[in-house]
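Let me begin by presenting the structure, written as structure tokens, before commenting on it.
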Amino acid sequence: MPEPVRVTLTLNGERRTFHVPPGRRLLDMLREDAGLTGTKEGCGSGECGTCTVLLDGSPVTSCLVLAASVDGHDVVTVEGLSRAGRLHPLQEALVSLGGIQCGFCTPGIAVTGAAVLARHENAPAEHARLLSGNLCRCTGYTKVLGALKAAATAGEENRG
Amino acid sequence: MAEGARPGPLGGRHERPDARAKVAGSTRYVADLALPGMLHAALAVSKVPSARVAGIELAAARAVEGVEAVLTAADIPGKNLVGVIFEDQPLLVEDRVRMVGDRLALVAARTPEAAWDAARLVRGRLEPLPSVHDPVAALEAGTTRVHDTGNLVRTFRVVRGDLERAHARAAVVVEAEYHVGGQEHAYLEPQGCLAIPEGRDRITIITSCQCPFYVQQAVARVLGLSLAAVRVEQAPTGGGFGGKEDYPSEPAACAAVLAFATGKPVRLVLPRELDMQASTKRHAVVVRHRWGAGRDGKLRFAEVETFMDAGAYIGLSTVVAERANVSSIGPYDVGAVRVATHVVYTNNLFGGAFRGFGQPQVSWAAEATMDTLARALALDPLEFRRRNVLDGRRRRMCTGQLLPRPVLARECLDRAAELAGWEGFHAKPRAASGARREGMGIGLVLYGCNLHHGGQRLDRSSAVVILQPDGSVVVRVGLTEMGQGNLAACQTIAAQALGVDPSAVQVWQPDTTTVADSGPTVASRGAHMSGLAILDAVNRLRTRLDPIAAELLGCARDLVELSNGFASVRGEPGRRVSVASVATEMAARRIEGIATGWHRSKARAFDAETGTGAPYEFYAIACQIARVSVDEELGIVRVQEVSAAHDVGRVIHRDALEGQIEGGIVQGIGWATTEELKLDAGRLANPNFTDYLIPTAADAPRIKIAVVESDGAGGPFGAKGVGEPSLIPAAAAVRNAVCEALDVEIRRLPLSPPTVVEALGERHPFAWLIAGRKEEEHAGLATADRER
């Protein structure tokens, strides 16, 4: 058995250390070692986006990231989007505007969408393209994009 | 009081009860559940479509570190059978392989990696046998037999009206052969289950599924247990669309066998590639049409022959064919009808349930022929449909059944046309050539709600309602939430009936030990059947609640009304007590606060031999109009907008309803344009989301919805199912729009770029190049810099 690798990272704002096999995927470290099962596995090959997390603020598919490579970096999962028990504004918008059906893609969409909003990429015409790495088979995307637009608009107003 | 003005949550947009946990990532799907000592299962499957099994070598698999069990057919304690209706499919192969993905052996190990490594080391000594992959060829004499019983499983028919006379009265006849491709469900959560044994006496299965009672039967059969010894709990289910109707019984049976053999909990989650390779699909079909109309633009006859590729096992194919058979025409008045629907074995992946259940394929063909006929008659497709749609006077559908009133086909057609701006679009001149061509097309369908007459024995439903001492309410039903909104619908219905806020009602997932067998969650019957069972339970509960309320109010018990959280005296809304205080009083007096409910669909007359009579109790109508733009050179179809008018009876939960329509449309568009199952001698060559393309957010069109409400449907508060009618018309609308844009007839689905380019034939801008002619001109060809 190869030697475990020590990985120290900032996970949802908290400094954490894990000892993982060198081949461990970030997805498995999050789900199995950190117990953060909000990040889902839909395909295991970076196609569906259900395992999306933020790596230093950018959305990545955690099934394609080696856990060892996030040593010293900042990772945010869906569990880290809430602040003091309150959902992120995009999560609230997804709830109130009917953007959730089976829910399996929802955490990944919330994470990607949160990154879109954090970067103030607020042109609704761009939203569909920016979310196109997160597959959803239930909603047809209408209400998901509606929620992203509503959260972006509310965010602009708060900034203004 | 008018239905629409009813106080309460009915028809509103209150928050779905499952939304908050899902968006926070705290909903626990099967793959998120683990128990101490739990093992991980893996499957060893065949890579060839047809073979004799000479032996299966297990030693290498057993030697993998961490492996605790490697099992074959001989290790199954009960019957080696899966399959909902027919006993033609083993859980594990014995002497014959009939399709790619047939299971050779089961593995349980301490890690998923060890389990799948071991599964790959199982070596079947398979002696290849001839195979057949085309459902039409499979019926030819002398073709390889998939099973000893022959390749034709069954033929369903509709025989109605005087065909000879109708032929004589037809001025225009269209003959066409359609090749309609299958579809992968592509639910985002792969198939998975967790089996928890209690010795060898009984077992709990927690599974992602639509039909816990199917899983219960399958597990009981392979383990040799009674139904009561198998408890199936539905886990939160990440999408189904029919793909988690019958298929989950197979992984559950595998995990159950391993759990009994090892005495430990066993979890099985299919990797995406195997999930796509081995699970059921929408059937690929060939449809042949001969339809005739008179000069007056009225349909005279319709002849339809459909060959349905069942694959290697029947599964639900005969039931799927039953629906396809009687849905072959659409909501049109046709005097003479002949339909034959053949279910055929091949060595392909096996067809099963998929949203629409055989109807999308035949409805697609019907709507294509309607446009071809309109063109032959030089009629606007909208006008041609108006002349033929069923309505309050002409109500006789395909099988001769008189549709219950109101028949809203004309309303749906007109509302969708208005939303789409059909007349304005067609009044404007459009480019007849050029790189970007626009078109608009109609899909209009008649959908039989709930199960077909042939499945009526399953068409019943159970509910339990428990009024808690604090006034909150527990509801349990036998039908499942898979994303479509059944929890929200059941919550709304219970809250409406009890006059409480939806937030007071908690609907829990089905468990076979808490409710009676309610049949499958399919056929757009979830809200309908569970809703009616809930209403029955509430009525029974009120026989105990109302007298207590009446006593507290000081009125006669038949004057008690429940709404807005209060029990009040009819006509005197000021005299009221809270429902919660009535519940507390009931508890204090030790009055039974639990009630069961039951609903079964009405008996109907249907002659299976001639396919005439009433296959369904009532129907929903849906019309969708698509506006597309087509890149003529590349053959790429872009759906710009879909306008949808749906006859839904009454709205239960508006967000859930719209979500079903929007999701169904986009799934239908995927099937129509990019989703192609590429089969290579029965093996799926594109079992991943890079090569099998489902729509992304960037592919979704603008969607406009008109909800056509009416009274009188048999569902709860007059509601009708919407899950499947949302998908069925979309592909037809897209096809007709593309054909209008390019002035072609396409008779193949999906409308992939090669199919579109091929349909243009000589009219493709580079036809000369494609055909390999005029090569000298190639040298002078400048790349066109098109405006995009």
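Order-wise, the sequence lines are chains V and W. In terms of the numbering used here, the first sequence opens at residue 1 and continues consecutively. In terms of the numbering used here, the second sequence opens at residue 1001 and continues consecutively. For every residue, glycine included, the Cβ atom is placed at its ideal position computed from N, Cα and C.
Any C-beta of chain W within less than 9 Å: which residues of the stretch 129–146 of chain V qualify?
Going along the stretch 129–146 of chain V in chain order, one finds Arg-129, Leu-130, Leu-131, Ser-132, Gly-133, Asn-134, Leu-135, Cys-136, Arg-137, Cys-138, Thr-139, Gly-140, Tyr-141, Thr-142, Lys-143, Val-144 and Leu-145 with a Cβ nearer than 9 Å to chain W.
Could you pull the start and end residues of the beta strand (DSSP E) that W/Gly-1292 belongs to?
Here residue 1292 of chain W refers to the residue found at position 292 of the second sequence. W/Gly-1292 -> beta strand (DSSP E) spans 1285–1293.
So, are the CB atoms of W/Leu-1043 and W/Arg-1125 less than 8 Å apart?
If you number the second sequence from 1, residue 1043 of chain W lands on position 43. If you number the second sequence from 1, residue 1125 of chain W lands on position 125. No, the pair does not count as a contact, with Cβ atoms beyond the cut-off.
Going along the chain, which residues of its own chain have a beta-carbon closer than 6 Å to the beta-carbon of W/Ala-1706, five neighbours each way excluded?
Here residue 1706 of chain W corresponds to residue number 706 of the second sequence, with the count starting at 1. The residues are Arg-1415, Leu-1419 and Ala-1645.
Where does the unbroken beta strand (DSSP E) through W/Thr-1305 begin, and where does it stop?
Counting from 1 along the second sequence, the entry for residue 1305 of chain W is found at position 305. Looking at the sequence itself, residue 1305 of chain W is Glu, so the reference to Thr does not match. Unbroken beta strand (DSSP E) run through W/Glu-1305: 1299–1311.
Could you tell me whether the Cβ atoms of W/Gln-1277 and W/Leu-1679 are closer together than 8 Å?
Locating residue 1277 of chain W in the second sequence gives position 277, counting from the first residue. Locating residue 1679 of chain W in the second sequence gives position 679, counting from the first residue. Not in contact: W/Gln-1277 and W/Leu-1679 (Cβ atoms no closer than 8 Å).
Can you check DSSP and say which residues form a bridge with V/Cys-136?
Along the first sequence, one-based indexing puts residue 136 of chain V at 136. In DSSP, V/Cys-136 forms no bridge with anything.
Considering only their Cβ atoms, is the gap separating W/Val-1136 from W/Ala-1118 smaller than 8 Å?
Walking along the second sequence from the start, residue 1118 of chain W turns up at place 118. Walking along the second sequence from the start, residue 1136 of chain W turns up at place 136. The answer is no: Cβ separation not under 8 Å.
Measure the C-alpha to C-alpha separation of W/Leu-1058 and W/Lys-1704 and round it to an integer number of angstroms.
By 1-based counting over the second sequence, the position of residue 1058 of chain W is 58. By 1-based counting over the second sequence, the position of residue 1704 of chain W is 704. Rounded to the nearest angstrom, the two C-alpha atoms are 57 Å apart.
Is DSSP giving W/Arg-1540 helix, strand or coil here?
As a working mapping, residue 1540 of chain W is identified with position 540 in the second sequence. Three-state DSSP puts W/Arg-1540 in a helix.
Could you tell me the alpha carbon to alpha carbon distance between W/Thr-1492 and W/Met-1529, rounded to whole angstroms?
As a working note, residue 1492 of chain W is residue 492 in the second sequence. As a working note, residue 1529 of chain W is residue 529 in the second sequence. Rounded to whole angstroms, W/Thr-1492 to W/Met-1529 spans 14 Å at the Cα level.
Taking 8 Å as the threshold (beta carbon to beta carbon), is V/Arg-24 in contact with chain W?
In the first sequence, the residue the question calls residue 24 of chain V occupies position 24. No, because no Cβ of chain W sits closer than 8 Å to the Cβ of V/Arg-24.
I'd like to know if W/Ile-1703 contacts chain V, where contact means its C-beta is closer than 8 Å to some C-beta of that chain.
As a working note, residue 1703 of chain W is residue 703 in the second sequence. At least one chain V Cβ lies under 8 Å of W/Ile-1703.
For W/Gln-1506, which three-state DSSP category applies?
By 1-based counting over the second sequence, the position of residue 1506 of chain W is 506. Residue state, collapsed to three classes: strand.
Please list the terminal residues of the continuous alpha helix (DSSP H) segment that includes W/Glu-1418.
For the purposes of this step, residue 1418 of chain W is taken as residue 418 along the second sequence, with counting starting at 1. Run containing W/Glu-1418: 1409–1420, per the alpha helix (DSSP H) assignment.
Check the Cβ-Cβ distances between V/Gly-113 and every residue of chain W, and say whether any is below 8 Å.
Against the first sequence, residue 113 of chain V aligns to sequence position 113. Taking Cβ atoms only, chain W never reaches closer than 8 Å to V/Gly-113, which makes this a no.
Run through the stretch 1305–1373 of chain W for me and flag every whole alpha helix (DSSP H) of 4 or more residues, listed as ranges in chain order.
Runs found: 1317–1326.
Mind checking which residues open and close the alpha helix (DSSP H) that includes W/Leu-1498?
By 1-based counting over the second sequence, the position of residue 1498 of chain W is 498. Its alpha helix (DSSP H) spans residues 1486–1498.
Taking CB distances under 8 Å as the criterion, tell me whether W/Tyr-1187 reaches chain V.
Working through the second sequence from its first residue, we reach residue 1187 of chain W at position 187. Yes, W/Tyr-1187 counts as interfacial toward chain V.
Drop a sphere of 10 angstroms on the beta-carbon of W/Leu-1413, count the other beta-carbons inside from all chains shown, and report buried for 16 or more, exposed for fewer.
Here residue 1413 of chain W refers to the residue found at position 413 when the second sequence is read from its first residue. Buried: at least 16 other Cβ atoms inside 10 Å.
Would you identify the three-state DSSP class for W/Gly-1664, choosing helix, strand or coil?
Start at 1 with the first residue of the second sequence, and residue 1664 of chain W comes out as number 664. It is helical.
Run through DSSP, which three-state label would V/Val-144 get?
The residue labelled residue 144 of chain V in the question sits at position 144 within the first sequence. Helix at V/Val-144.
Any idea if W/Asn-1539 is buried or exposed, counting beta-carbon neighbours within 10 angstroms, 16 or more meaning buried?
Locating residue 1539 of chain W in the second sequence gives position 539, counting from the first residue. Looking at its Cβ environment, which holds fewer than 16 other Cβ atoms inside 10 Å, W/Asn-1539 is exposed.
Please check if any C-beta of chain W sits within less than 8 Å of the C-beta of V/Gly-57.
Taking the first residue of the first sequence as 1, we reach residue 57 of chain V at position 57. Chain W, which has no Cβ nearer than 8 Å to the Cβ of V/Gly-57, makes this no.
Under the assumption that W/Ser-1524 contacts W/Val-1722 (Cβ atoms under 8 Å), give the Cβ distance between them as a whole number of angstroms.
Residue 1524 of chain W sits at position 524 when you count from the first residue of the second sequence. Residue 1722 of chain W sits at position 722 when you count from the first residue of the second sequence. Right, their Cβ atoms sit about 6 Å apart.
Going by Cα to Cα distance, which pick from W/Ser-1050, W/Gly-1455, W/Leu-1769 and W/Ala-1432 is closest to W/His-1147?
Taking the first residue of the second sequence as position 1, residue 1147 of chain W is located at position 147. Nearest C-alpha to W/His-1147: W/Ser-1050.
Label V/Glu-126 either buried or exposed according to how many other C-beta atoms from any shown protein chain fall within 10 Å of its C-beta, with 16 as the threshold for buried.
Position 126 of the first sequence holds residue 126 of chain V. Flag for V/Glu-126 reads exposed.
Express the C-alpha separation of W/Ile-1196 and W/Gly-1066 in angstroms, rounding to a whole number.
Within the second sequence, numbered from 1, the residue matching residue 1066 of chain W stands at position 66. Within the second sequence, numbered from 1, the residue matching residue 1196 of chain W stands at position 196. When rounded, the distance between both Cα atoms is 19 Å.
At 8 Å on the CB atoms, spell out the chain V contacts of W/Pro-1271, in chain order.
The count along the second sequence starts at 1 and reaches residue 1271 of chain W at position 271. The contacting residues are Gly-44.
For W/Asp-1275 and W/Gln-1191, which I take to be in contact (beta-carbon distance under 8 Å), what is that distance rounded to the nearest angstrom?
Working through the second sequence from its first residue, we reach residue 1275 of chain W at position 275. Working through the second sequence from its first residue, we reach residue 1191 of chain W at position 191. That pair is a contact at about 5 Å.
Considering V/Leu-53, what are the terminal residues of the beta strand (DSSP E) in which it resides?
Residue 53 of chain V sits at position 53 when you count from the first residue of the first sequence. The residue asked about is misnamed: residue 53 of chain V is Val in this sequence, not Leu. It spans 52–55 - the beta strand (DSSP E) in which V/Val-53 sits, taken as one unbroken run.
Determine, for V/Gly-155, whether the minimum Cβ-Cβ distance to residues of chain W falls below 8 Å.
Taking the first residue of the first sequence as position 1, residue 155 of chain V is located at position 155. Not an interface residue.
For W/Gln-1660, count neighbouring Cβ atoms within 10 angstroms of its own Cβ and tell me buried if that reaches 16, exposed if not.
Position 660 of the second sequence, counted from the start, is the residue given in the question as residue 1660 of chain W. The residue in question, W/Gln-1660, is buried, as its Cβ has 16 or more Cβ neighbours within 10 Å.
Does the stretch 1539–1553 of chain W come within contact of the stretch 138–150 of chain V, defined as at least 3 CB pairs closer than 8 Å?
Touching, no.
Counting only beta-carbon separations shorter than 8 Å, does W/Asp-1018 have a partner in chain V?
In the second sequence, residue 1018 of chain W corresponds to position 18, counting from 1. With 8 Å as the cut-off, W/Asp-1018 counts as an interface residue toward chain V.
Under the rule that 16 or more other beta-carbon atoms within 10 Å means buried, what is W/Pro-1701, buried or exposed?
Reading the second sequence from its first residue, position 701 is the one you call residue 1701 of chain W. Result: buried.
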